[in-house]
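Structure first, then comments.
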Amino acid sequence: CDALGVGISDIGVERGRYLRIKPDLRIPIDSHGQMMINYAGRWGQAFRHYSFIDILTSYRDLNKGETPVVDLDELKGKICLVGLTAVATHDLNPIPLQQRYPMVGLHANLINTILVKSFITRAGPVVNLLILLLLSALIVLAVSKLKPLFEILAAFSIFFGFIAVSFALFAFLNIWIDLFY
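Counting in the numbering used here, the sequence shown runs from 1164 upward without gaps.
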């Protein structure tokens, strides 16, 4: 809220549709109030990481007039998250990009998704049902009008075309369409 200049009392929820932060910022949510996170990348690649000890040591060194290990000016005006990242900690869980990912990174990705407004929206059950019916009708038409070899080729072409379009929609427009029912 601070980064966006919004008060907590200004936030509104339309259950199952979106969380309204500002008039021009609506975060899509599901019926449970959950949003999908658009991950910026793997751990260690998407965001800058500093050891907490290095930050404290740099602050101490700066106050002593010594050269700090980390330039603390890089942190001014930034959102900083502090969390466990060591391999042996309990705060590592799987995400779509990695098997073991520090959950402080999940929070960073959540914040990033909101700040860059790169939301993933999932097609609803009605849209998915209509797509299923359309694909079924296309395959039935193809099978009833063509010779057996071309029927199989047409069915596979429709199927793989659907997969390609689904991946393109997700990659370029952040729209998630169910591939299998």
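For glycine and all other residues, C-beta sits at the position ideal for the given N, C-alpha and C.
| message | Taking the alpha-carbon of residue 1177 as reference, which of 1275, 1236, 1196 has the nearest alpha-carbon? | response | 1196
| Hey, how far is the Cα of residue 1302 from the Cα of residue 1339? | One C-alpha to the other measures close to 22 Å.
| First through last residue of the alpha helix (DSSP H) which encompasses residue 1269 | 1266-1279
| So, helix, strand or coil for residue 1229, using DSSP? | coil
| By Cβ distance below 8 Å, which residues in the same chain neighbour residue 1323 in space, the five residues on each side in sequence not counted? | none
| If you check the beta carbons only, do residue 1262 and residue 1206 fall under 8 Å apart? | no
| Leaving out five residues before and five after residue 1174 in sequence, what residues of the same chain have Cβ atoms less than 8 Å from its Cβ? | Cβ-Cβ distances below 8 Å link residue 1174 to 1164, 1182, 1183, 1184 in the same chain, with the five nearest sequence neighbours on each side left out; the list follows chain order.
| message | For residue 1274 and residue 1252, what's the separation of their Cα atoms in angstroms? | response | 23 Å
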